[in-house]
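> In the UniProt record's numbering, the protein residues as written are 1 to 130.
Glycine included, every Cβ here is placed at the ideal spot set by N, Cα and C.
Given the structure is predicted, the values throughout are model-derived calculations rather than measurements.
Attaching a single structure in structure tokens format; questions to follow.
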Amino acid sequence: MSATELPPPASPSIQPPYYAVIFCSQRTEATPDDGYGAMAERMAALAAAQPGYLGVESSRGADGLGITVSYWRSLEDIRAWRAVSEHTAARDQGRRDWYRHYELRIARVERHYRWDESAGPADPVPVAER
1 MSATELPPPA
11 SPSIQPPYYA
21 VIFCSQRTEA
31 TPDDGYGAMA
41 ERMAALAAAQ
51 PGYLGVESSR
61 GADGLGITVS
71 YWRSLEDIRA
81 WRAVSEHTAA
91 RDQGRRDWYR
101 HYELRIARVE
111 RHYRWDESAG
121 PADPVPVAER
């Protein structure tokens with residue numbers, strides 16, 4: 001799953017408050033044909049089509065530890081995403097085939113900041129204040 005293909009969550013067009021679903025996972029020993037990559041891509045596309053979806057950031061290390069943060073407009077949108085039958089089936093398969101363990105946290109984002117090198121040494125300003 002590539003976060004660069006989706007709108008960056010710190011985009012000025014995304015104003016707080018919104019919600020972050022933080023999914024931390026440890027993969028089992030992966031094999032190239034275990035279906036995980038295809039399922040991750042399918043879930044990213046399916047999530048992006050859901051009402052209230054704002055974006056995603058994801059990373060996984062060589063040790064199998066991964067963190068995916070998806071952003072949503074409301075708790076209701078998160079609940080609706082959780083209820084999508086294809087997502088439910090993917091979660092079941094993940095517990096059965098792909099993960100040693102995982103944790104999921106849901107947080108409300110009250111403000112966010114963005115900085116890049118073009119801004120120079122100045123401290124970042126909250127996106128909503130730009």
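According to DSSP, is residue 44 part of a helix, a strand, or is it coil?
Residue 44: helix per DSSP, three-state reduction.
> Hey, does residue 117 have any beta-carbon neighbour from chain B nearer than 8 Å?
The structure shown contains no chain B, having only a single protein chain.
> Tell me which residues share the same chain as residue 24 and place their Cβ nearer than 6 Å to its Cβ, disregarding the 5 neighbours each side in the sequence.
Result list for residue 24: 67, 103, in chain order.
> Tell me the residue span of the beta strand (DSSP E) that contains residue 60.
53-60
> So for residue 98, helix, strand or coil by DSSP?
helix
> Using a Cβ-Cβ cut-off of 8 Å (strictly less than) and excluding sequence neighbours within five positions of residue 110, which residues of its own chain qualify?
Around residue 110, the same chain offers 16, 17 as residues with beta carbons nearer than 8 Å, after the five sequence neighbours per side are excluded.
> With a cut-off of 8 Å on the beta carbons, I'd call residue 55 and residue 77 a contact; round off their distance for me.
Between residue 77 and residue 55 the Cβ distance is about 13 Å, and since that is not below 8 Å, they are no contact.
> With DSSP run on the structure shown, which of helix, strand or coil describes residue 50?
coil
> Which residues mark the beginning and the end of the alpha helix (DSSP H) in which residue 79 is found?
According to the DSSP assignment, residue 79 belongs to the alpha helix (DSSP H) that extends over 75-83.
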